[in-house]
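>
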Amino acid sequence: MITTDILIIGAGPTGLFTVFEAGLLKLKCHLIDALPQPGGQCTELYPKKPIYDIPAYPEILAGDLTDKLMEQCKQFEPGFTLGERAETIEKQDDGSFIVITNKGTKHQAPIVAIAGGLGSFEPRKPLIHNITDFEDKGVEYIIKEPELYRDKKVVIAGGGDSALDWSIFLSDIAESVTLIHRRNEFRGHLDSVEKVQELKNKGKINLITPAEITAINGNGKVESVEVTKKDEEPIIVETDHFIPLFGLSPKLGPIANWGLEIEKNAIKVDNALDYQTNIPGIFAIGDVNTYPGKLKLILCGFHEATLMCQAAYKILNPGKRYVLKYTTVSGVNGFDGTRKEAPKAVVKAID
Amino acid sequence: MENPDINITIIDRDRVKHQIEAPTDMAMNLMEVVRSYELAPEGTIGICGGMAMCASCQCYVLSETELPEMQDDEEAMLSEAFNVKDNSRLGCQIQMTPEMEGLEIELAPES
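Those protein sequence lines, which keep their order, are chains Y and Z.
Last residue of the first sequence: number 432 in this note's numbering, and the count goes up by one each step with no gaps.
Last residue of the second sequence: number 120 in this note's numbering, and the count goes up by one each step with no gaps.
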């Protein structure tokens, strides 16, 4: 069991800044995120795109913003459960919550802060009527263990970087790799496209474009797929695995069933005070929440995280006296023993 | 001053037809117009914010209205999206202009 003061669901900008604000109040944080890396949409969707409305940064790349936030909260030693989706929440008799992920990892904390953005990123599934019947029986939306494909026949569908990169990678491992895309053009890095071209010329990748998978056949597991080129009769390609790589799309997911008040695909919170949800002890901050006048901006998430941490402190330290401290005055004391502080003024007399 | 709004028709995902006025002087694109009228639930359209990176604003163009030519990133995104037809476009890539008076579109299913 992982225990902490504030359990943060979602490691995007808002979740990461929460670690810093909580740390100033000596509260420890642990973050859960369905993606394998921190940063949320910023790293998953557009790491190389600039953001222009982060205060004091006239321009910053989304990926760089994530790096800076990680650096800023580092001394508060946040824990991470990455690549796992928060699935269930249960309130305990002592008022704390136990959150279990889809992989069974258990977390316990008195405060839960949902900073889930648009939800957890789930693979986009192609519209093939029986595809769900073959999930984990030859159909995989995410490649977790490349060894699974050793000496197997593999069909990959998609036109982005992951389809290209995995086709290249698996061409060395699998018996055969067939890459199918709806167009002749791919939108990956230029060198990936060139590499696939080279492997195609060598006969190591079987490229079928423009084409689509129109059916999956098999008895209990994938045995072949039907590939249809525009204005042509479908052909059957024998295969052991079909890997559709059409990117990820965010879904609110299991959080929607946690008994929280949901409006417009977002969690209703009390914005007059502390961004608490209808369940005391559970807060929602950043893009995942809604209240009158809500704006889905990173800078608003930072503000919400800050106020939420103050409320969390009061819940965890009832009745304790507290005044807001400025980092410039008090410095920052890390949980790792480091201390940042403003240099002392030097006083020197003039002779 | 001339009215900068144009009349367009949007068929939502429940096949309900909406005749609305879309401003052309607010630097809005079609996806944002749909959102401003709340014709699709928040969180189901314009998920990536308008970067042609999610296809949640895919729509089918039903009128003969002349639209800006498709750029590479829109074409690439549509090549990976689902329910794509010959008249598919991404709403976020269509900036509203006075020439689009009479535009009629249907929102593609959520996917």
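Every residue, glycine too, gets a C-beta built ideally from N, C-alpha and C.
It should be emphasised that the depicted structure is a prediction, and the values quoted were computed from it without experimental measurement.
#1: Taking the beta strand (DSSP E) that residue 190 of chain Y falls in, what are its first and last residues?
#2: Using Cβ-Cβ distances below 9 Å, what residues of the region 205-219 of chain Y are close to chain Z?
#3: Can you tell me where the alpha helix (DSSP H) with residue 372 of chain Y in it begins and where it stops?
#4: Can you tell me where the beta strand (DSSP E) holding residue 204 of chain Y begins and where it ends?
#5: Output, in chain order, the set of chain Y residues within a Cβ distance shorter than 7 Å of residue 62 of chain Z.
#6: Under the rule that 16 or more other beta-carbon atoms within 10 Å means buried, what is residue 416 of chain Y, buried or exposed?
#7: Using a Cβ-Cβ cutoff of 9 Å, what residues of the region 38-69 of chain Z are near chain Y? List them in chain order.
#8: Pick out the complete beta strand (DSSP E) segments inside the region 16-69 of chain Z, 3 residues or longer, and give them in chain order.
#9: With a threshold of 6 Å on Cβ separation, who are the neighbours of residue 113 of chain Z within its own chain once the five nearest residues in sequence on each side are excluded?
#10: Let me know the secondary structure DSSP gives residue 358 of chain Y once reduced to three states.
#11: Excluding the 5 residues flanking residue 33 of chain Z on each side, which residues of the same chain have their C-beta closer than 8 Å to its C-beta?
#12: Which parts of the region 204-243 of chain Y are runs of the beta strand (DSSP E), unbroken and 3 residues or longer, counting only runs that do not cross its ends?
#13: Output, in chain order, the set of chain Y residues within a Cβ distance shorter than 9 Å of residue 120 of chain Z.
#14: Verify whether the separation of the beta carbon atoms of residue 383 of chain Y and residue 157 of chain Y is less than 8 Å.
#15: From the beta carbon of residue 268 of chain Y, is the nearest beta carbon of chain Z less than 8 Å away?
#16: With a CB to CB cut of under 6 Å and the five nearest residues on each side skipped, what residues in its chain are close to residue 140 of chain Y?
#17: Residue 98 of chain Y lies in the alpha helix (DSSP H); which residues open and close that run?
#18: Would the beta-carbon of residue 62 of chain Z fall within 8 Å of that of residue 126 of chain Y?
#19: Would residue 88 of chain Z pass as an interface residue toward chain Y - the criterion being a Cβ-Cβ separation below 8 Å?
#20: How big is the Cα-Cα spacing for residue 255 of chain Y and residue 321 of chain Y?
#21: Taking only three categories from DSSP, how would you classify residue 128 of chain Y?
#22: What does a CB cutoff of less than 7 Å around residue 340 of chain Y pick up in its chain, not counting 5 residues either side in sequence?
#23: Of all the options Y/207, Y/236 and Y/259, which has the alpha carbon lying nearest to the alpha carbon of residue 219 of chain Y?
#24: Assuming residue 397 of chain Y is part of the alpha helix (DSSP H), what are its boundary residues?
#25: So if DSSP puts residue 268 of chain Y in a beta bridge, which residue, or which two residues, is it bridged to?
#26: For residue 228 of chain Y and residue 48 of chain Z, I'd like the C-alpha separation in whole angstroms.
#27: What first and last residue would you give for the beta strand (DSSP E) that runs through residue 347 of chain Y?
#28: For residue 306 of chain Y versus residue 323 of chain Y, is the C-beta distance shorter than 8 Å?
#29: Distance cutoff 8 Å, beta carbons only. Does residue 85 of chain Z sit that close to anything in chain Y?
#30: Determine the contact status of residue 258 of chain Y and residue 267 of chain Y, defining contact as a CB-CB distance below 8 Å.
#31: If residue 222 of chain Y and residue 331 of chain Y are in contact, beta carbons under 8 Å, what's the gap, nearest whole angstrom?
#32: Exposed or buried, what is residue 213 of chain Y when buried is set at 16 or more other beta-carbons lying within 10 Å of its beta-carbon?
#33: In the DSSP assignment, what residue or residues form a beta bridge with residue 160 of chain Y?
#34: Is residue 296 of chain Y close to chain Z? Criterion is C-beta to C-beta, closer than 8 Å.
#35: Say whether chain Z places a C-beta atom closer than 8 Å to the C-beta of residue 300 of chain Y.
#36: Report yes if the C-beta distance between residue 386 of chain Y and residue 95 of chain Y is below 8 Å; otherwise report no.
Taking the coordinates as given:
#1: Per DSSP, residue 190 of chain Y belongs to the beta strand (DSSP E) from 187-190.
#2: 205, 206, 207 and 208
#3: Premise fails: residue 372 of chain Y is in no alpha helix (DSSP H) and is neither H nor E.
#4: Where residue 204 of chain Y is concerned, the enclosing beta strand (DSSP E) stretches over 201-204.
#5: 126 and 127
#6: exposed
#7: 47, 50, 51, 52, 53, 56, 57, 58, 60, 62, 63, 64 and 65
#8: 26-32
#9: 18, 71 and 72
#10: coil
#11: 13, 14, 15, 105, 106, 107 and 109
#12: 234-238
#13: 205, 206, 208 and 330
#14: no
#15: yes
#16: 131 and 133
#17: Start and end: 94-105.
#18: Closer than 8 Å, so yes.
#19: yes
#20: 10 Å
#21: coil
#22: 360
#23: Y/236
#24: Start and end: 379-397.
#25: Answer is none; residue 268 of chain Y lacks a bridge partner.
#26: Straight-line Cα distance between these residues: approximately 46 Å.
#27: 347-349
#28: yes
#29: For residue 85 of chain Z, the nearest beta carbon of chain Y is closer than 8 Å to its own beta carbon.
#30: Inclusion of residue 258 of chain Y and residue 267 of chain Y in the CB contact set at 8 Å is not warranted, their separation being larger than that value.
#31: Rounded, the Cβ-Cβ distance is 15 Å, inconsistent with contact.
#32: exposed
#33: Y/111
#34: Judged by the 8 Å Cβ criterion, residue 296 of chain Y is not in contact with chain Z.
#35: no
#36: yes
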